[in-house]
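J.:
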Amino acid sequence: MPRWFVADPLAILSERLQAAFDTLAPGADPVLRESDRADYQANGALALAKSLGRPPREVAGEVIAAASLDDLCETVELSGPGFVNFTLRSDFVAEQVAALAGDHRLGVPATDRPVTVVVDYSAPNVAKEMHVGNLRSTIIGDSLCRVLDRLGHRVVRENHIGDWGTPFGMLIEHLLDVGEQEAANELSVGDLNRFYQAARASFDRDQEFAERSRRRVVLLQSGDPDTVRLWRVLVSESVRYFDRVYAELGVLLTDDDIVGESFYNPMLPEVVADLDRLGLLVVDDGARCVFPPGFTNRRGEPLPLIVQKSDGGYGYAATDLAAIRDRVDRLGAGRILYVVGAPQSQHLSMCMAVAAMAGWLPKGPGGAVAEHVAFGSVLGADGKMFKTRSGESVKLSDLLAEALARATAALDDRAAAVGAAAGAGAATPAPAPAGDRADPPRGVDRSGLARAVGIGAVKYADLSSDRVRDYVFDWDRMLAFEGDTGPYLQYAHARICSIFRRGGVAVPDPSVPPVLAAPAERALSLQLLRYGEAVSSVAASSSPSKLCTYLYDLASSFTAFYEQCPVLKAPDEVTRRSRLLLADVTARILADGLELLGIEAPERM
RNA sequence: GCCCCAGUAGCUCAGUGGAUAGAGCACCGGCCUCCGGAGCCGGGAGCGCAGGUUCGAGUCCUGCCUGGGGCGCCA
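Each number in this note's numbering corresponds to the 1-based position in the first sequence with 196 added.
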């Protein structure tokens, strides 16, 4: 068992039990789980009894006898057909909480086997509006990068923007038609759809334009300096717009992370040549293909991955293969994550299969694995693809502006509601100013707060459901201050901060363990100690939703605690200090967890 | 036709092969003179269908049904 789970009782208990199980059958899995009957339960005796051909309760009894748990457990009970239930000693839990409080990593392990992880995400197209699919990819990828980095891996962010291909012929010609200056204006303001559609319209309507466009593609591919310069204008103006959206979203991506399709262009001939040399290449209908086993088309025939088209041009498959090689060979990737929509599943599987056939994704230690971190579509409240009323895809900048507007309104509503309540309470004169209540005091940036809440709500809504499923985009639900939402967690955090502010108290010395007398104090403590495992599970499954679930449970545990255990009004100084410590660690974990999701945690709301 | 994904409460979703399937919203009935109502307690209602594996299946396997997506030179 890795030694870095120092603060997690589950890991400590697991280690002890493993030793006990080993005395009966080396390597037998204790199957230790959280339990609703006790703190934890071990189910491993049942399976072990089966393989040993002995009565389960007898085996469980021997496990209990072999385990030394006196320093950890209050009770160890044999139950049912062969379950073993463990209740931890409260003093042990309290010591672990003290260790957690003194740990600047809050129990999040630093991996002892760091690897280079390339995360391919966001990937908008040049001269095309960013859409909700880019949004999902950006948000999910951003959180995964933060988590992997925190765990001590070397994270390489790659924004695989669509900056190459045949459409650029018509885009460049259109740019020339409208004039460079005008084109730059349109693009940098984010009017990308109009630009693209106008180019498309000319292409479809105007023979001469279409012909120019085709010639332009050839010029671009042959590196004609003028053409390349114009292409750069398109790219850089689009990137400027992407940057604005990223800044608005508060994600880690920068221009340094851009590794567009064009980057791989010089490597494509070699990719094809090497596939040929390896004997994997088959010419079919004039196209150069690889047929990875297990893929068939609608007629049941082998399905090709086309690396070079019959006209000699390279398809995106060639680019994707070149990217795999580059990431493994140049960047030293041990793991490559593709945060890409679920519909591209087959294409990616085929690319990975071909890369494996070619030996570009070596197996085993020191090798590299590629994973498709797939996500579902964003649906409107009607359950259909998320579109505007007129049926167009939603512009990302509009969506974020609406998030800000709605968050501002929601915050105003709350301030008004609290103000009204305060007014009613002060029916008799001397209406003391609400002061440090819902109203952020002067000096707090209200638009910054609205941004934190609005953007946080959008992000949390996206991250909190199982990413592979389609998810329903619903403003009212995501901005609610009740339930499993971003604002709820932010509010939980802000309220804890207010305890310290209103009480005028300092954070207690973390080295003194808390007193865990009330059940709610104990339950909260156990939840606090699970943080590291929650973060680890995000990296293992590439599922930020696991962290969301954890944080929501933590906030719920805190609510129960706060309901039952007065903090500032605690009966005595020792209890007060102890509860302040629990509150402080809760707030720190909430803020830290939200940060790993890419969500701000304001101290006041 | 083939392949992939999903199907859990009225709605939105949790649920690492383990005991009695959990939340939130909505609905109904109570409670709290509270450190900022992120309230608290109680109630109804659910694993698409049929087999199988297993001591044990929402979870694994097979078939079917429903919905979404993909299936040769777009990315």
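Ideal Cβ positions, reconstructed from N, Cα and C, are used throughout, including at glycine. Remember, predicted model here, so these are calculated numbers, not experimental data.
If you drop the 5 nearest sequence neighbours on each side, which residues of the same chain put their C-beta closer than 7 angstroms to that of Met322?
T.: Here the question's residue 322 lines up with position 126 in the first sequence. Reading off the sequence, residue 322 comes out as Val, not Met. Taken in chain order, the residues that qualify are Ile357, Gly358, Asp359, Leu430, Val431 and Ser434.
J.: Less than 7 angstroms separating the beta-carbons of Arg148 and Asp658?
T.: Look at the range of the chain in this structure, 197 to 801, and you will see that residue 148 is not part of it.
J.: Write down every uninterrupted run of the beta strand (DSSP E) in the region 287-360 whose length is 3 residues or greater and which is fully enclosed by it, in chain order.
T.: 312-316 and 350-354
J.: What are the start and end residues of the alpha helix (DSSP H) that includes Phe405?
T.: Taking the first residue of the first sequence as position 1, residue 405 is located at position 209. From DSSP, the alpha helix (DSSP H) with Phe405 extends over Gln403 to Gln417.
J.: If you draw a straight line from the alpha carbon of Pro561 to that of Ala646, how long is it in whole angstroms?
T.: In the first sequence, residue 561 corresponds to position 365, counting from 1. In the first sequence, residue 646 corresponds to position 450, counting from 1. About 47 angstroms.
J.: Could you tell me whether the region 518-531 touches the region 460-469, using the rule of 3 or more Cβ pairs below 8 angstroms?
T.: Between the region 518-531 and the region 460-469, the count of C-beta pairs closer than 8 angstroms reaches three or more; the two stretches touch.
J.: Could you name the residues of the same chain whose beta carbon sits closer than 6 angstroms to that of Glu567, not counting the 5 residues immediately before and after it, in chain order?
T.: Along the first sequence, read from residue 1 onward, the residue named residue 567 stands at position 371. Closer than 6 angstroms at the Cβ level, and outside the excluded window around Glu567, lie Leu533.
J.: Roughly how many angstroms separate the alpha carbons of Ala549 and Ile795, rounded to a whole number?
T.: Translated into the one-based positions of the first sequence, residue 549 becomes position 353. Translated into the one-based positions of the first sequence, residue 795 becomes position 599. If I take the Cα positions, the gap works out to 36 angstroms.
J.: By the DSSP assignment, the beta strand (DSSP E) with Asp267 in it spans what residues?
T.: On the first sequence, residue 267 is found 71 positions in, with the first residue counted as 1. Per DSSP, Asp267 belongs to no beta strand (DSSP E) and is neither H nor E.
J.: Does the region 674-681 come into contact with the region 707-723, if we say contact requires no fewer than three beta-carbon pairs (one atom in each stretch) closer than 8 angstroms?
T.: no
J.: Is Ser275 helix, strand or coil by DSSP?
T.: As a first step, residue 275 is located in the first sequence; it is residue number 79 there, counting from the start. Strand.
J.: Given a threshold of 16 other Cβ atoms within 10 Å of its Cβ, counted over all protein chains shown, does Pro625 qualify as buried or as exposed?
T.: Residue 625 sits at position 429 when you count from the first residue of the first sequence. Any answer about Pro625 is weak, because its pLDDT of 33 lies below 50 and its placement is not dependable; what the coordinates show is given next. Its Cβ having fewer than 16 others within 10 Å, Pro625 is exposed.
J.: Could you tell me the distance, in whole angstroms, from the CA atom of Ile208 to the CA atom of Asn330?
T.: In the first sequence, counting from the first residue as 1, residue 208 sits at position 12. In the first sequence, counting from the first residue as 1, residue 330 sits at position 134. Ile208 and Asn330: Cα-Cα distance of roughly 41 angstroms.
J.: Considering Asp749, what are the terminal residues of the alpha helix (DSSP H) in which it resides?
T.: For the purposes of this step, residue 749 is taken as residue 553 along the first sequence, with counting starting at 1. Its alpha helix (DSSP H) spans residues Ser741 to Gln760.
J.: Considering Tyr442, what are the terminal residues of the alpha helix (DSSP H) in which it resides?
T.: Position 246 of the first sequence, counting from 1, holds the residue named residue 442. Run containing Tyr442: Pro421 to Leu445, per the alpha helix (DSSP H) assignment.
J.: Taking Cβ to Cβ, would you say Asp480 is nearer than 7 angstroms to Pro500?
T.: As a working mapping, residue 480 is identified with position 284 in the first sequence. As a working mapping, residue 500 is identified with position 304 in the first sequence. Closer than 7 angstroms, so yes.
J.: Take Asp338 as the anchor and find which of Ala406, Pro558, Glu325 and Ala319 has the nearest alpha-carbon.
T.: For the purposes of this step, residue 338 is identified with residue 142 of the first sequence, where counting begins at 1. Of Ala406, Pro558, Glu325 and Ala319, the residue nearest in Cα terms is Ala319.
J.: Taking the continuous alpha helix (DSSP H) assigned at Gln723, which residues delimit it?
T.: Locating residue 723 in the first sequence gives position 527, counting from the first residue. Start and end: Pro715 to Leu724.
J.: Rounded to a whole number of angstroms, what is the C-alpha to C-alpha distance between Val374 and Arg408?
T.: Within the first sequence, the letter at position 178 stands for residue 374. Within the first sequence, the letter at position 212 stands for residue 408. Rounded to the nearest angstrom, the two C-alpha atoms are 15 angstroms apart.
J.: Are Gly290 and Pro710 closer than 7 angstroms when you measure CB to CB?
T.: The count along the first sequence starts at 1 and reaches residue 290 at position 94. The count along the first sequence starts at 1 and reaches residue 710 at position 514. First, the amino acid is wrong: residue 290 is Ala here, not Gly. It is a contact, given that the beta carbons lie within the stated cut-off.
J.: Quick one: measure Cβ to Cβ for Ala783 and Ile692, integer angstroms, because I've assumed they're closer than 8 angstroms.
T.: What you label residue 783 is simply residue 587 of the first sequence in a count that begins at 1. What you label residue 692 is simply residue 496 of the first sequence in a count that begins at 1. Rounded, the Cβ-Cβ distance is 4 angstroms, consistent with contact.
J.: Let me know the secondary structure DSSP gives Leu793 once reduced to three states.
T.: Taking the first sequence and counting its residues from 1, one reaches residue 793 at position 597. Leu793 falls in the coil class under three-state DSSP.
J.: So, are the CB atoms of Asp204 and Gly728 less than 7 angstroms apart?
T.: Position 8 of the first sequence, counting from 1, holds the residue named residue 204. Position 532 of the first sequence, counting from 1, holds the residue named residue 728. One thing to note: Asp204 has its Cβ within 7 angstroms of the Cβ of Gly728.
J.: Reducing DSSP to helix, strand and coil, say where Glu567 ends up.
T.: For the purposes of this step, residue 567 is identified with residue 371 of the first sequence, where counting begins at 1. In this structure, Glu567 counts as strand in the three-state DSSP scheme.
J.: Three Cβ pairs or more, each shorter than 8 angstroms: is that satisfied between the region 414-422 and the region 481-498?
T.: no
J.: In angstroms, rounded to a whole number, what distance separates the CA positions of Gly249 and Ala256?
T.: The sequence position of residue 249 within the first sequence is 53, counting from 1. The sequence position of residue 256 within the first sequence is 60, counting from 1. Using only the alpha carbons, I get a separation of about 13 angstroms.
J.: Spell out the partners DSSP gives Ala483 in its beta bridges.
T.: What you label residue 483 is simply residue 287 of the first sequence in a count that begins at 1. Asp480.
J.: Compare the Cα-Cα distances from Ala606 to each of Leu296, Met801 and Leu747 and report the closest residue.
T.: Indexing the first sequence from 1 puts residue 606 at position 410. Comparing Cα-Cα distances from Ala606 to each of Leu296, Met801 and Leu747, the minimum goes to Met801.
J.: For Met581, is the classification buried or exposed, using 16 other Cβ atoms within 10 angstroms of its Cβ as the cut-off for buried?
T.: Counted from its first residue, the first sequence places residue 581 at position 385. Its Cβ having fewer than 16 others within 10 Å, Met581 is exposed.
J.: Following the continuous alpha helix (DSSP H) through Ala688, name the residue where it begins and the one where it ends.
T.: Working through the first sequence from its first residue, we reach residue 688 at position 492. Gly682 to Gly699 is the span of the alpha helix (DSSP H), which, as asked, contains Ala688.
J.: Measuring CB to CB, does Val447 end up less than 7 angstroms from Thr334?
T.: As a first step, residue 447 must be located in the first sequence, where it is residue number 251. As a first step, residue 334 must be located in the first sequence, where it is residue number 138. For Val447 and Thr334, yes; Cβs fall inside 7 angstroms.
J.: Would His349 and Val304 qualify as a contact pair, given that the criterion is a beta-carbon distance under 7 angstroms?
T.: As a first step, residue 349 is located in the first sequence; it is residue number 153 there, counting from the start. As a first step, residue 304 is located in the first sequence; it is residue number 108 there, counting from the start. It is not a contact, given that the beta carbons lie outside the stated cut-off.
J.: Specify the secondary structure class of Ala618 as computed by DSSP and reduced to three states.
T.: The residue given as residue 618 occupies position 422 in the first sequence. Confidence in Ala618 is poor, its pLDDT being 46 and thus under 50, which makes the residue's placement too unreliable to answer from.
J.: Sort Tyr758, Ala719, Arg301 and Val455 by Cα distance to Asp232 and report the nearest one.
T.: Translated into positions along the first sequence, residue 232 becomes position 36. Measuring from the Cα of Asp232, the nearest candidate turns out to be Ala719.
J.: Residues in its own chain within less than 8 angstroms of Gly490 by CB, not counting five upstream and five downstream?
T.: As a first step, residue 490 must be located in the first sequence, where it is residue number 294. Hits under 8 angstroms: Ala549.
J.: Evaluate Gln393 with the Cβ neighbour count: other Cβ atoms within 10 Å of its Cβ, from every protein chain shown; 16 or more gives buried, anything less gives exposed.
T.: As a working note, residue 393 is residue 197 in the first sequence. So Gln393 counts as exposed.
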